[in-house]
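Residue numbers (mature numbering (1 follows the signal peptide of the UniProt record, and there is no 0)): -21 to -1, 1 to 1192. Below you'll find the structure, written out as structure tokens, and then a few comments.
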Amino acid sequence: MKRYLVLVTCVTLTVSAPGLAPAKSAPKDASESGGMLVRFLENSLSGDNRKITVVGLDGALSSRATIKELKVSDDDGVWLTIHNAVLDWNRLALVRGRFSVNALTADEIIIARKPIPSPSAVDLPSPEATPFSLPDLPVSIELAKIGVQKLDLGADLMGMAAELKVDGSLSLADGALDTDLGVTRLDRPGDQIGLKASFANDTRQIGLDLKLIEDQGGLVSTLLNMPDRPPLLLTAKGDGPVSDFTADIALVTDDTERLGGQVRLKGLETPVDADPTAPVPIGFSADLAGDVSPMLPADYRSFFGTDTALMLRGESHPDGQLDITALDLHSAALALTGDMALAASGQIERLKFQGGITPPSGQEVVLPISGDRTTLGAARFDLSFDASTGNDWDLVLAAETLTRPEMSLHRAALVGNGTLDQSQGFAIEGDIEAALSGLSLADAAQQRAIGDEITLKGAIARDAGGAFEFNGFKLTGSDYTATLDGRVAIPESGLEVDTKLHLGAADLSRFSGLAGQDLGGSVTADFTGKGAPLDGTFDFTLDMQAQDLAAGIDQVDPLIAGATTLQLSAARGLDGLTIRNFDLKGQALSASASGTAKTADSALRFTAALDDLARVMPQVKGPLTLKGNLKQTGTTWSGDVNLKGPNKTFADLNGSFDPTGEADLTFNAALDRLERFVPQLSGQLTAKGRAQSKGGIWHGDVALNGPDSSQAKLSGSFDPAGDADLTFDATLDRLERFMPELTGRLAAKGTAQRKNGLWTLDANAAGPSDITTRVSGTYDEAQGTANMDATGRLRLEGANPFLRPNSISGAANFDMKLRGAPSLAALSGTITTSGGRMAIPSAAQTLDNIAGTVTLANSRANVAISTNLGAGGTIRVNGPVALEPPFDGRITVDLLNLILTDNKSITSSANGQLVLAGALTAGPQLSGRVQFGETNINLNAVSGSAAAAAIPEGIVHIDESAAGRATRDRAGLIQTESSGSSGPAIGLDIALLAPNKVFARGFGLQAELGGAMQIRGTTAAVEPTGQISLIRGTLDLLGRRLKLTKGIVSLQGDLQPYVEFESSTTTEDGKATIQIAGPIDGPKISVFSDPDRPAEEALAMLVFGSRISDLSPFMIAKMAASLATLGRSGGVTDDLRNATGVSALDIGMDADGAGQVGAGAYLSDNIYTDFTINTKGETEVNLNFDLTKSLTVKGSMDNLGNTGVGLFYERDY
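Dropping the structure here:
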């Protein structure tokens, strides 16, 4: 930042530089207040990541120059602003070699933040020491007044905002420095800095008086992050000649001195015969000590303790000799001592430093470094060299138990030793060994890649000429290695590098986490080369071997499996770049290339081959080859590229292009056996075209020809400004290959033009069955708005591929408009349909006469659709749906007199209403109630024809034709894996009401049931409750009518209907029960007894009330006939019931063995009657009157005049 501030300050100096002044004085003109001079300043001072803006420059060529505003910006914006800067100076003084300024002031300087740093070159100092002296400038500098009325420092600059006032003066003339500077806090009265400093070359007299005062919470204590931001006082004061100068230094916080001491300069004694005018050697010393821990964060205090001290002793001689005789820096954890000596020639005579870090208590100490908390168990440092005893040097650096949030390290060590020969320069050589052990990284990917141990060994050398050599350097990890031999020389011609590198990794999977891919395999590589980086020249060879490579990419891994080798040899010199050889060989993929690159004469040849395209495209088997030949003549490139695949598939591209914009390219391609990619298209697809560019305008034509006269043509042009004129014309013959319901040709044509950022589109399409579409309108790129219309008629059959095994037919008309910025809010219009039909095989139903309208406006769709169910009844769907997330909606579905049947076991009627409400993508709620009318359950249907049976699983279709597979696909018989989520679960709250008239018949069963069920939960976890329970019923078994004791129809979790019927008889031998239970499409019959006995004995008890051993042959034959009845359809009884229209019909025997006939029917929805007549002439009539769902009145009367009345209460739980 200091560099930037110097540049900005120089603006006010530069505007008055003599080189910019005219030969003669001239009146003020436009250039003085801006114009050319302002542009010159802005352009000269601006640079990479730095922009200077000058506003209101006035008097640039006079003795008083002013700038109203100056701003300095970087990529993040303005960071420095100067208001009302004034330079009042004496131009004539320059003639006398003096730069004399009366005043350099500014009303306000705002430094909002730190500037973004820019990379800059670093100038290394010379190794020779030189005595201190002031610079000998070509002119003297006198600044009589330096002033900034307000210096505004932003909070982003130093962590807190501050307003300062700066006053002072500066004189640097005749080898003397004299400065007086004062800084005062405007926003905190009392905080101030004062500096007075002087030095004269002739008297060698030094004067220093520095004083910093600030109250609690000041700028300096905040910047240093001192605990509690204490009051602060810093002084440094001294006066005297260089040969006898002492400066007293003190740092005080909270009225307690924390650090204090002296810095002293003292002239050393010289021989008696020494030249009295010659400079004398200077001895220097520094002694600073104190308890600095109260000024440090709590974590750092154990490192420093209560006694931190620095002691330094040394001598500086006029000839450049430097001798540091003693250095001692220590704190509670740190100890560093050492000494060194440099000869006048700059050679090292003695170098010895020793130090270490030891926790004052415990096992570790927190290091006082910025960033995350870092602890250390121990450290040791030792460096020694003494030319008086030989040329040997030794270095030891070790650390133990280093811990940071992102890593921990058990031990790190670096050991080096060798020789230093300074007889003819600085020639050093030696061996280096380094090791890291117990390395643990928080990032699992980094840990796996690096491992927990790393070692490095090698030898280094620097000869007298300054060339560095690295010999036998080897880096070793868990299962990876790197070795390096190299030489770096810096001759007069520039930097030269010669290197040999070997890399090896036995298991690339360890780098998978870093790469973000599942890597695999092993690799070794050898690199040998040399070059001159400053010249950009090089000559190298690369030889790589790999085995079983894997990149974790399904399309790539088959290409790099097995053994892979890569050889590359290339060179770059003054005559250009030469690729001598590029050769890649793999089990599947191979490639080679060679060529030269020169400014106006280049050539490149390349080939590539894949052994079998099926590795990446299973539809195609056979090799794939790519060849190319490119040549540059002057500025024009020309050549050809050829791609050849199996089955007469190819692509050729040839032509020429020029960087100036001239180009002429042609291409020709063919793809045979198109059915491998699009099963509906059988034959060849060809593409031909040409693209030309002249004067920056491109013209192109492309022609596609496919099977059965299908074709497409695209032509047009566009210029550098972006204006374009495009046309297209396409036809697709035999549309029935994609949509079997539509036979004929689909054709489309149109134009698209762009002029001054405005696109105009006009396109239309037509097909069989009155398919028409037209899209027209404009789109303004600058405004981002559209004015588009789309009208037409589409066939609903186009949706069948997404509806299978269901299918839909019919037409839909649409009239849509897009007005404004493309979005759903800008889309409006209607979509209408009528006379549509949909088949739903899984439900054995059709939806007929589908008619409706969908209206779009304001990001919402209003739906109004009605349809007739094929078996009877009407469904109406109405309501709005938002077209933007979360797609709030309220859709009402009305069910009107629906006839529900699976055409096998169940027939029913239903009325009701369902409502789907809420956010459709965030779990909407489906609620409502459905009232069922008379329902008939035919249990005999489960033993129907074989045509109703499920298709057996496990059938393998061998050499299946495309037509046969398409048929199975449309029938929903091909299982495919789902590739996406099934969407959010829908909440359920649906009541299913069937109070009575639910009849179950079959297997000799006649039963009426009633009740209610509730479906709750979600579509992901359905929770059905309730049941349809027995009202009345009998079971006909061997001519004997048994009264049902239990009857239930319920829904299981997957909404599969489940039935359970039981009838029991009790005799002196026990209780026998027959049960019909299971899913409605496959109930099972079982007979059991209590106590347990064989099924045939339990059946004998049910039918005859006797043991099977007591049955006559005739009874056994009748029992066999009864068993047969259980396994067949209803037979004559069902036919008679259907003919008479009654609800129940029973023909059999009573308990006394007399023949009887019984029938029952509903007189109204809640009154049921039945009668029984036997062969004895006895008659009985029963009447059931349902007052409520739980309360029933029952009455009976027989031919003998006996009557009875009962009140029954029943409640299901």
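The beta-carbon is built from N, C-alpha and C at its ideal position, and this holds for glycine as well. As the structure is a computational prediction, the values presented were derived from the model and not from experiment.
Counting only runs of 3+ residues fully inside the stretch 276 to 348, write out the beta strand (DSSP E) ranges in chain order.
Here the runs fully enclosed are 287 to 295, 301 to 309, 313 to 321, 327 to 336.
If you run the structure through DSSP and keep just helix, strand and coil, what is residue 767?
Three-state DSSP puts residue 767 in a strand.
Can you look up residue 536 in the DSSP assignment and give me helix, strand or coil?
It is helical.
Please return the same chain residues whose Cβ sits closer than 8 Å to the Cβ of residue 386, not counting the five positions on each side in sequence.
Cβ within range, chain order: 418, 419, 420, 421.
Could you tell me which residues DSSP puts in a beta bridge with residue 211?
Note: residue 211 is bridge-paired with 193, 232 in the DSSP secondary-structure output.
Give the DSSP-derived three-state secondary structure of residue 25 in the structure shown.
Residue state, collapsed to three classes: coil.
Hey, residue 702 and residue 673 are a contact pair by Cβ (cut 8 Å); roughly how many whole angstroms apart?
In this structure, residue 702 and residue 673 do not form a Cβ contact; the two beta carbons are roughly 15 Å apart against a cut-off of 8 Å.
Please classify residue 735: does DSSP put it in a helix, a strand, or coil?
It is coil, neither helix nor strand.
Report the rounded CA-to-CA distance for residue 1181 versus residue 994, giving the unit in angstroms.
One C-alpha to the other measures close to 46 Å.
Are the stretch 181 to 188 and the stretch 159 to 167 in contact at 8 Å, needing three or more beta carbon pairs?
Two segments are said to touch when three or more pairs of C-beta atoms, one from each, lie closer than 8 Å; by this definition the stretch 181 to 188 does not touch the stretch 159 to 167.
Rounded to the nearest angstrom, how far is the Cβ of residue 604 from that of residue 577, given a contact under 8 Å?
Taking 8 Å as the upper bound for CB-CB distance, residue 604 and residue 577 are not in contact here, some 28 Å apart.
Apart from the five residues on each side of it in sequence, which residues of its chain come closer than 8 Å, Cβ to Cβ, to residue 54?
So the list reads 28, 95, once near-sequence residues are dropped.
Using DSSP bridges, identify the partner residues of residue 753.
BP columns for residue 753 point to 743, 770.
How would you call residue 138, buried or exposed, if buried means at least 16 neighbouring beta carbons within 10 angstroms?
Answer is exposed; the Cβ neighbour count stays below 16.
Can you say whether residue 982 is buried or exposed, counting buried as having 16 or more other CB atoms within 10 angstroms of its CB?
Buried is the label assigned to residue 982, since at least 16 other Cβ atoms lie within 10 Å of its Cβ.
With distances taken between CB atoms, is the gap from residue 345 to residue 354 smaller than 8 Å?
Closer than 8 Å, so yes.
Which one of 197, 906, 122 has the shortest CA to CA distance from residue 167?
Comparing alpha-carbon positions, the option among 197, 906, 122 lying closest to residue 167 turns out to be 197.
Residue 49: first and last residue of the uninterrupted beta strand (DSSP E) it sits in:
Per DSSP, residue 49 belongs to the beta strand (DSSP E) from 43 to 53.
Am I right that residue 969 and residue 907 are in contact with their C-beta atoms under 8 Å? What's the rounded C-beta distance?
With a Cβ gap of about 6 Å, residue 969 and residue 907 count as contacting.
Assess contact between the stretch 370 to 382 and the stretch 391 to 407, defined as three or more Cβ pairs (one per stretch) separated by less than 8 Å. Is contact present?
Taking 8 Å as the limit for Cβ pairs, the verdict is that the stretch 391 to 407 does touch the stretch 370 to 382.
When 280, 887, 299 are compared against residue 878, the one with the closest alpha-carbon:
Selected option, being the one with the closest Cα: 887.
Chain C contact for residue 181 (CB, 8 Å cutoff)
Here there is only one protein chain, and chain C is not present.
Counted within 10 angstroms of its Cβ, other Cβ atoms place residue 989 as buried (16 or more) or exposed
It counts as buried.
Residue 875 and residue 857 - do their beta-carbons sit closer together than 8 Å?
No, these two residues do not count as a Cβ contact at 8 Å.
Cβ contact (3+ pairs, closer than 8 Å) linking the stretch 309 to 318 and the stretch 328 to 336:
Output reads yes: the stretch 328 to 336 touches the stretch 309 to 318.
Near residue 547, what residues of its chain come up, given a Cβ to Cβ distance below 6 Å and the 5 sequence neighbours on each side ignored?
Result list for residue 547: 521, 561, in chain order.
Would you call the CB atoms of residue 966 and residue 904 closer than 8 Å?
Yes; because the gap between Cβ atoms is below 8 Å, this pair is in contact.
Kindly indicate which three-state DSSP category residue 204 falls into: helix, strand or coil?
Residue 204 falls in the coil class under three-state DSSP.
Out of 180, 244, 172, 474, state which residue places its alpha-carbon closest to the alpha-carbon of residue 214.
For residue 214, the closest of 180, 244, 172, 474 by C-alpha to C-alpha distance is 172.
Do you know offhand how far residue 872's Cα is from residue 783's?
Separation of residue 872 and residue 783 (C-alpha to C-alpha, rounded to the nearest whole angstrom) is 23 Å.
Burial state of residue 901 (16 or more Cβ within 10 Å):
Exposed, because fewer than 16 other Cβ atoms sit within 10 Å of the Cβ of residue 901.
Per DSSP, which residues does residue 383 bridge with? Please list them.
The partner list for residue 383 (beta bridge, DSSP) reads 386.
In the DSSP assignment, what are the bridge partners of residue 582?
575, 610, per the DSSP bridge assignment.
If you drop the 5 nearest sequence neighbours on each side, which residues of the same chain put their C-beta closer than 7 Å to that of residue 492?
Its chain contains 423, 424, 427, 428 as the residues whose beta carbon lies nearer than 7 Å to that of residue 492, once the 5 sequence neighbours on both sides are disregarded; these appear in chain order.
What are the start and end residues of the alpha helix (DSSP H) that includes residue 781?
Note, residue 781: alpha helix (DSSP H), 779 to 782.
CB-CB under 7 Å to residue 246, same chain, minus the five flanking residues each way: which ones, in chain order?
Cβ within range, chain order: 222, 223, 259, 261.
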